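Worksheet for the structure shown next.
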Amino acid sequence: MVKARILVVEDEHDIRTVLMDQLRLDGFDTVGASTGKEVLENFKSLTPDLIILDLKLPDIDGLMVCQEIRKHSDIPIIIVSARDSLPDKIRGLEVGADDYVTKPFEYLELEARIRACLRRHQVTSGMTDPIDLGNLKIYRQKRMIEVNGKGVKLTKKEFELLNLFLENRGKVLSREFLSSHLWHNKEVYPWSRALDVHVRRLRKKIEPDPAHPKYILTHAGVGYRFAAEDEG
Ligand code: CA
Numbered sequence: 000m001v002k003a004r005i006l007v008v009e010d011e012h013d014i015r016t017v018l019m020d021q022l023r024l025d026g027f028d029t030v031g032a033s034t035g036k037e038v039l040e041n042f043k044s045l046t047p048d049l050i051i052l053d054l055k056l057p058d059i060d061g062l063m064v065c066q067e068i069r070k071h072s073d074i075p076i077i078i079v080s081a082r083d084s085l086p087d088k089i090r091g092l093e094v095g096a097d098d099y100v101t102k103p104f105e106y107l108e109l110e111a112r113i114r115a116c117l118r119r120h121q122v123t124s125g126m127t128d129p130i131d132l133g134n135l136k137i138y139r140q141k142r143m144i145e146v147n148g149k150g151v152k153l154t155k156k157e158f159e160l161l162n163l164f165l166e167n168r169g170k171v172l173s174r175e176f177l178s179s180h181l182w183h184n185k186e187v188y189p190w191s192r193a194l195d196v197h198v199r200r201l202r203k204k205i206e207p208d209p210a211h212p213k214y215i216l217t218h219a220g221v222g223y224r225f226a227a228e229d230e231g
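The opening position of the sequence shown corresponds to residue 0 in numbering that gives the first Met the number 0, with each subsequent residue numbered one higher.
Here is the structure:
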């Protein structure tokens with residue numbers, strides 16, 4: 000069995016080594032980094048499957064590191080930070096982190112989130128490819144879309160959101176359902192603004208007229224629905 004490799008980015012030596020030891024005991028392969036520069040320079044050669052990212056690093060802010068990685072990789076990233084305010088969390092998710100855990104954290108919770116992230120990351124395959132909606136084509140294996148024959152880039156979260164909609168075409172999906180699937184977090188309320196931000200961005204990319212959406216329809220007070228095949 001191939002072990003998932005976790006890259007632990009943390010400048011505090013003790014926290015890093017304890018966490019890496021614990022992860023190894025739980026069957027993960029681990030690599031560590033203590034600066035942002037180290038991560039960005041060695042990211043490719045370290046070949047991690049998931050990144051645990053501290054925000055307060057001695058050189059580059061963790062949010063910047065996250066943003067940089069997202070430019071060329073959709074690897075799962077879990078931010079672990081002492082910054083526990085709502086704007087910090089939303090910002091973290093907006094720059095592309097998959098999850099946000101505040102310090103001090105319970106190891107078991109972090110481990111559960113790591114496993115959930117890895118699982119979700121592997122699930123987005125299957126179904127026919129591409130899904131052809133006329134002027135919108137979705138290649139789920141390649142994680143890319145074409146709008147009117149032109150390739151359009153989606154962020155990891157936008158793609159996951161689109162996937163959720165496609166797997167539930169025609170069904171009204173509640174905000175809670177969408178948020179909890181996208182961020183695997185039971186405290187749904189704090190993420191609700193992040194959900195709207197992502198829906199807005201996705202609409203901008205796939206809707207011929209984002210002001211009058213034909214794919215992603217709003218159900219006021221409930222959530223959103225992706226138009227069924229025989230609609231529009
Ligand atoms: Ca730190």
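Cβ atoms here follow ideal geometry from the backbone N, Cα and C, with glycine treated the same way. From a predicted model like this one, the values you see are computed outputs, not experimental measurements.
Q) Going by DSSP, which residues form a beta bridge with residue 224? A) The residue labelled residue 224 in the question sits at position 225 within the sequence shown. Residue 224 pairs with 171 and 216.
Q | Integer-rounded CB distance, given that residue 172 should sit under 8 Å from residue 224 | A | In the sequence shown, residue 224 corresponds to position 225, counting from 1. In the sequence shown, residue 172 corresponds to position 173, counting from 1. Confirmed, Cβ separation roughly 7 Å.
Q: Could you pull out every unbroken beta strand (DSSP E) segment of at least 3 residues lying fully inside the region 80 to 138, listed in chain order?
A: Fully enclosed beta strand (DSSP E) runs of 3 or longer: 98 to 101 and 135 to 138.
Q.
Tell me which residues share the same chain as residue 57 and place their Cβ nearer than 7 Å to its Cβ, disregarding the 5 neighbours each side in the sequence.
A. Along the sequence shown, one-based indexing puts residue 57 at 58. 10 and 34, listed in sequence order.
Q) DSSP beta-bridge partners for residue 203? A) Taking the first residue of the sequence shown as position 1, residue 203 is located at position 204. Residue 203 is not bridged to any residue.
Q. Thinking C-alpha only, which one of 76, 105, 75 and 91 is nearest residue 82?
A. As a first step, residue 82 must be located in the sequence shown, where it is residue number 83. When C-alpha distances from residue 82 are compared across 76, 105, 75 and 91, the shortest belongs to 91.
Q: For residue 9, write down the residues that DSSP places opposite it in a beta bridge.
A: Residue mapping note: residue 9 aligns to position 10 of the sequence shown, counting from 1. In the DSSP output, where bridge partners are listed per residue, residue 9 has none listed.
Q | Where residue 59 sits in the DSSP three-state scheme | A | As a working mapping, residue 59 is identified with position 60 in the sequence shown. Coil at residue 59, not helix or strand.
Q. Excluding five sequence neighbours on each side, which residues of the same chain lie with their C-beta closer than 6 Å to the C-beta of residue 227?
A. On the sequence shown, position 228 is the one that residue 227 refers to. 168 and 169.
Q. Roughly how many angstroms separate the alpha carbons of residue 200 and residue 212, rounded to a whole number?
A. Here residue 200 corresponds to residue number 201 of the sequence shown, with the count starting at 1. Here residue 212 corresponds to residue number 213 of the sequence shown, with the count starting at 1. If you take the alpha carbons of residue 200 and residue 212, they lie about 12 Å apart.
Q) With burial defined as no fewer than 16 other Cβ atoms inside 10 Å of the residue's Cβ, what is the status of residue 197: buried or exposed? A) Looking up residue 197 in the sequence shown gives position 198. So residue 197 ends up on the buried side.
Q. Is residue 55 near ligand 1, with its Cβ less than 7 Å from a heavy atom?
A. The residue given as residue 55 occupies position 56 in the sequence shown. Under cutoff, so the answer is yes.
**Q.** Extent of the continuous alpha helix (DSSP H) run through residue 155
**A.** Stepping through the sequence shown from its first residue, residue 155 is reached at position 156. For residue 155, the uninterrupted alpha helix (DSSP H) run begins and ends at 155 to 166, by DSSP.
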